[in-house]
Amino acid sequence: MEVDQLRYFLRVAERGNFTRAAEELMISQPALSRSIQKLEEELGQPVFERKTRSVALTEAGKLLQSRAQQVLTLLADTKAEISDDGQSGQIRVGAIPTIAPFFLPDLLRQFSAEFPKASLIVQEDTTDHLLKRCTQGEIDLAIIALPIPAKYLEVEELFEEELFLVLPPDHPLVNKPHIRLNDIKSYPFVLLDEAHCLSDNIVSFCRQRSFHPVAVEQTSQLAMVQELVSLSHGISMIPQMARQLDKTDRRVYRSISGNRPTRKIAVVWNPYRFQSQLLLEFRKRLHEYSQTQCSLK
Numbered sequence: 001m002e003v004d005q006l007r008y009f010l011r012v013a014e015r016g017n018f019t020r021a022a023e024e025l026m027i028s029q030p031a032l033s034r035s036i037q038k039l040e041e042e043l044g045q046p047v048f049e050r051k052t053r054s055v056a057l058t059e060a061g062k063l064l065q066s067r068a069q070q071v072l073t074l075l076a077d078t079k080a081e082i083s084d085d086g087q088s089g090q091i092r093v094g095a096i097p098t099i100a101p102f103f104l105p106d107l108l109r110q111f112s113a114e115f116p117k118a119s120l121i122v123q124e125d126t127t128d129h130l131l132k133r134c135t136q137g138e139i140d141l142a143i144i145a146l147p148i149p150a151k152y153l154e155v156e157e158l159f160e161e162e163l164f165l166v167l168p169p170d171h172p173l174v175n176k177p178h179i180r181l182n183d184i185k186s187y188p189f190v191l192l193d194e195a196h197c198l199s200d201n202i203v204s205f206c207r208q209r210s211f212h213p214v215a216v217e218q219t220s221q222l223a224m225v226q227e228l229v230s231l232s233h234g235i236s237m238i239p240q241m242a243r244q245l246d247k248t249d250r251r252v253y254r255s256i257s258g259n260r261p262t263r264k265i266a267v268v269w270n271p272y273r274f275q276s277q278l279l280l281e282f283r284k285r286l287h288e289y290s291q292t293q294c295s296l297k
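In terms of the UniProt record's numbering, the sequence shown is residues 1 to 297.
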């Protein structure tokens, strides 16, 4: 039984499909099928139940999935621990799309300048996928927004940031001295789609104050939310880190008076995985950077 066989098996198990797994592994589907077939021959029983367009794990496959993850994790941690010099190595950082492009670039540049032998890999994904990847050891840490259903993961809150109301320049509320939540109840919203937790933050804040924002449009990118607001498709709420980088005059940002909407940003990691010196240094720099960049004012 070879390490690559286990890696291939886990990818097929995760995707439930040989074609998609082969594409992601960048090998041919026949080669992937032969590898799994050899694995099944060695085990003496099938690990997948083949269907027309998908596969499902057999009972033997479910047991192998758990053991294979443990084996690959142990091998990766052993290699990392042996080669740990505090200066070189790979750090895999995950972040949700409403954080990654606004918060990470300067931090990564600073860390790379201080640790030029380090390799930083960023993976942008939704919260659920990042938590799963962190649990399975596919990434070293993830920067996400609270709350999160984190099991077996360590969570450290980094900072809290305001969510700013964003309006088109000709909106009736632009010249109002103080904008309260009651003032925006009747206006349509542009929000991110349901896969993004920012929309949950906004809707939850409004519901706690007895109204539900009506979303007339949903999109998958924060930049598109901002553009649709500029075109007077609706209003929205934008995180402070994104607002700070928006220099256009095609949008107006205002704080909501009273109890302002906010979100809390945290870093999560798997405490059962080996924590290299380099990773510990990155977490330290992440904490320091958080305190100077996006703390709630």
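Yeah, the Cβ is synthetic: ideal placement off N, Cα and C, and Gly gets one too.
- The count of Cβ pairs closer than 8 Å, one atom from the segment 208 to 221 and one from the segment 112 to 131, stays below three, leaving the stretches out of contact.
- Burial is judged here by how many other beta carbons sit within 10 angstroms of a residue's own beta carbon; F211 has fewer than 16 and is exposed.
- Of the residues P213, K247, G258, the one whose Cα lies closest to the Cα of M237 is P213.
- Shown here, K247 sits in coil according to DSSP, grouped into three states, outside any helix or strand.
- L165 is a Cβ neighbour of I184, given a cutoff of 8 Å.
- By alpha-carbon distance to S232, the top candidate from R254, E194, R260, P168 is P168.
- The C-beta separation of P261 from F189 comes to about 12 Å, leaving the pair out of contact by the 8 Å criterion.
- By the criterion of a C-beta distance shorter than 6 Å, Y187 is surrounded in its chain by I235, once the five residues flanking it on both sides are discounted.
- Under DSSP, A145 shares a beta bridge with I265.
- In this structure R180 is exposed. Its beta-carbon is surrounded by fewer than 16 other beta-carbon atoms within 10 angstroms.
- When secondary structure is reduced to three states using DSSP, A56 falls in the strand class.
- For L192, the enclosing beta strand (DSSP E) begins and ends at 189 to 192.
- In this structure, the straight-line span from the alpha carbon of F9 to that of Q65 is close to 8 Å.
- Pairing F274 with I91 gives a Cβ-Cβ distance that is not under 8 Å.
- A contact between stretches requires three or more CB pairs, one per stretch, nearer than 8 Å, and the segment 56 to 73 meets this requirement with the segment 8 to 23.
- In the displayed model, Q45 falls within coil according to three-state DSSP, outside both helix and strand.
- With at least 16 other beta carbons inside 10 angstroms of its own, I202 counts as buried.
- Using a Cβ distance threshold of 8 Å, S276 and D84 count as a contacting pair.
- Excluding residues up to 5 positions away in sequence, D183 lie with their Cβ nearer than 8 Å to the Cβ of K176 in the same chain.
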